[in-house]
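This report refers to the structure that appears directly beneath it.
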Amino acid sequence: MGAVRDALGDIVRFVPSFLLFVVILVVGWLVAVAVRTAVHKLLARVGFDRLVERGGVGRALARTPLDASDLLAKLVYYAILLFTLQIAFGVWGPNPVSSLIERIVAWLPLAVVAIVIVVVAAAIAAAVRELTLSTLGGLPYGRLLANLAYWFILGLGVIAALNQIGIATTVTTPVLIAVLATVAGILIVGVGGGLVRPMQQRWEGWLGRMEQEAPAVSEHVRAAADTRRAEAEARRAAEAEAARRAEEAEAARQARAEAARQEAARRAAEMPATPPTPGPIPGVTDAPTMVVPTISSPPAAPTGPAAPTGPAGSTASTSPAETERDARLQLPTQRPVSEPPADADQTVVINPPPRDDK
1 MGAVRDALGD
11 IVRFVPSFLL
21 FVVILVVGWL
31 VAVAVRTAVH
41 KLLARVGFDR
51 LVERGGVGRA
61 LARTPLDASD
71 LLAKLVYYAI
81 LLFTLQIAFG
91 VWGPNPVSSL
101 IERIVAWLPL
111 AVVAIVIVVV
121 AAAIAAAVRE
131 LTLSTLGGLP
141 YGRLLANLAY
151 WFILGLGVIA
161 ALNQIGIATT
171 VTTPVLIAVL
181 ATVAGILIVG
191 VGGGLVRPMQ
201 QRWEGWLGRM
211 EQEAPAVSEH
221 VRAAADTRRA
231 EAEARRAAEA
241 EAARRAEEAE
251 AARQARAEAA
261 RQEAARRAAE
271 MPATPPTPGP
281 IPGVTDAPTM
291 VVPTISSPPA
301 APTGPAAPTG
311 PAGSTASTSP
321 AETERDARLQ
331 LPTQRPVSEP
341 PADADQTVVI
351 NPPPRDDK
């Protein structure tokens with residue numbers, strides 16, 4: 001029973017810690033996603049990608065599906081996740097995983113500073129190279145000087161970044177010292193030492209060439225300044241022309257809309273009023289037509305005494321009493337609805353009254 005109670009006690013103590021661990025991970029992940037989105041939008045707004053593209057870092061990232069802002073945003077995202085893991089594993093107390101994460105988290109600020117140093121150095125090196133090419137690009141050694149200045153500045157930035165994160169400091173520091181010492185030794189020995197004579201001749205040649213090329217250098221500088229000024233003026237003129245065309249297009253669109261409204265109003269004013277079409281009268285339906293034939297009057301009885309022939313062909317006389325009796329025995333004559341002409345068979349059309357279907 002004691003072992004069971006100990007196991008249950010361990011479970012009871014473990015469950016709250018585990019729930020706290022999960023809650024910290026979920027909250028940290030949500031915060032990391034939000035910060036990553038905010039950093040990406042901020043870098044895109046300040047033009048961080050354009051700044052990086054001017055240096056060598058932009059050309060290196062061109063082969064990857066990520067740009068500089070995405071890369072930096074992902075670094076911030078994973079850094080926050082590492083902080084979250086450090087806090088979450090701290091729930092369990094001291095452990096090897098927490099120690100490893102603490103060392104990584106302590107190294108992250110150095111990595112961020114190193115990245116910033118490389119980006120800034122690459123931008124400065126690219127700007128110096130462009131300035132040198134625009135100023136001395138027409139000279140034979142202009143491109144060489146531009147490339148030397150670019151790689152020298154970029155190398156200094158890389159060495160400073162490696163020293164910042166503590167990688168290969170035993171190699172980078174001696175290399176930097178050796179390069180600077182070599183340059184200083186060449187200057188001291190070559191210029192002021194045993195190579196005075198050859199260097200003097202070289203200096204005379206270089207100085208003479210510089211004097212000859214001084215007008216060309218100044219002309220290149222003025223031409224570069226004029227070119228930049230002309231490009232700026234052309235850009236401003238293009239922007240003004242685009243704005244003018246946009247205004248003209250908007251004015252034309254408004255004029256077309258106004259003309260269409262006026263035409264619609266004119267047509268509405270010229271259109272005659274259409275009388276309403278009469279509808280059927282409620283409760284009245286189309287009644288069928290009834291045709292009533294008229295009955296022709298029988299021939300009038302003879303007013304005078306008839307002279308019938310007897311069986312022997314003789315004529316018999318009729319008394320007035322018999323004539324009156326025969327007249328009473330005749331069928332009565334039906335008066336037609338309308339008086340037709342005397343010698344025409346007529347039909348009278350009678351429309352029955354409408355029937356209420358309700």
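So in UniProt numbering, spot 310 of the sequence shown is number 310, and the numbers just go up one at a time. The beta-carbon is built from N, C-alpha and C at its ideal position, and this holds for glycine as well.
Helix, strand or coil at residue i [DSSP, three-state]
{"i": "Arg-165", "result": "Just to set this straight, residue 165 is Ile in the shown sequence, not Arg. Ile-165: helix per DSSP, three-state reduction."}
{"i": "Gly-28", "result": "helix"}
{"i": "Tyr-150", "result": "helix"}
{"i": "Asp-67", "result": "coil"}
{"i": "Tyr-77", "result": "helix"}
{"i": "Leu-139", "result": "coil"}
{"i": "Pro-94", "result": "coil"}
{"i": "Gly-47", "result": "coil"}
{"i": "Thr-294", "result": "No answer about Thr-294 holds up, because its pLDDT of 49 lies below 50 and its placement is not dependable."}
6 angstroms Cβ shell around residue i - same chain, five flanking residues per side excluded
{"i": "Ala-32", "result": "Tyr-77, Ile-80, Leu-81"}
{"i": "Ala-160", "result": "Ile-117"}
{"i": "Ala-73", "result": "Arg-36, Val-39, His-40"}
{"i": "Ala-111", "result": "Ile-165"}
{"i": "Val-171", "result": "none"}
{"i": "Ile-11", "result": "none"}
{"i": "Arg-103", "result": "none"}
{"i": "Asp-49", "result": "Asp-67, Ala-68, Ser-69"}
Nearest neighbour of residue i, chosen from the options [CA to CA]
{"i": "Ile-117", "options": "Leu-156, Ala-223, Ala-126, Ala-255", "result": "Leu-156"}
{"i": "Thr-132", "options": "Val-221, Thr-37, Arg-261", "result": "Val-221"}
{"i": "Ala-125", "options": "Ile-87, Leu-51, Pro-198, Val-35", "result": "Leu-51"}
{"i": "Asn-147", "options": "Arg-129, Pro-140, Gln-164, Leu-136", "result": "Arg-129"}
{"i": "Gly-47", "options": "Thr-173, Val-35, Arg-13, Asp-67", "result": "Asp-67"}
{"i": "Leu-187", "options": "Leu-85, Trp-203, Ala-249, Thr-172", "result": "Trp-203"}
{"i": "Leu-85", "options": "Pro-140, Val-26, Ala-264", "result": "Val-26"}
{"i": "Trp-151", "options": "Ala-114, Pro-140, Ala-127, Ala-265", "result": "Ala-127"}
{"i": "Gly-142", "options": "Pro-109, Gly-93, Val-120, Met-210", "result": "Met-210"}
{"i": "Leu-75", "options": "Ile-115, Ala-238, Leu-207, Ala-232", "result": "Ile-115"}
Cut-off 8 angstroms between Cβ atoms - residues of its own chain near residue i, not counting five sequence neighbours on either side
{"i": "Asn-95", "result": "Phe-89"}
{"i": "Phe-83", "result": "Gly-28, Val-105"}
{"i": "Ala-168", "result": "Leu-162"}
{"i": "Pro-311", "result": "The predicted model places Pro-311 with a pLDDT of 44, which falls under 50 and marks its position as unreliable; any figure quoted below should be read in that light. Nothing meets the Cβ criterion."}
{"i": "Asp-6", "result": "none"}
Cβ-Cβ separation, residue j to residue i (assumed contact under 8 angstroms), whole Å
{"i": "His-40", "j": "Ser-17", "result": "Contact flag wrong, Cβ pair sits at about 35 angstroms."}
{"i": "Ala-224", "j": "Thr-135", "result": "6 angstroms"}
{"i": "Ile-24", "j": "Ile-101", "result": "So it is not a contact: roughly 13 angstroms between Cβ atoms."}
{"i": "Leu-139", "j": "Glu-213", "result": "7 angstroms"}
Same chain, Cβ closer than 7 angstroms to residue i, neighbours up to 5 away in sequence not counted
{"i": "Leu-20", "result": "Val-91"}
{"i": "Glu-219", "result": "none"}
{"i": "Leu-176", "result": "Ile-159"}
{"i": "Val-113", "result": "Gln-164"}
{"i": "Val-97", "result": "Phe-89"}
To test your reading of the DSSP string, which unbroken alpha helix (DSSP H) runs of 4 or more residues are found completely within the stretch 160 to 244? Those alpha helix (DSSP H) runs which fall completely within the stretch 160 to 244 and span 4+ residues are 169 to 192.
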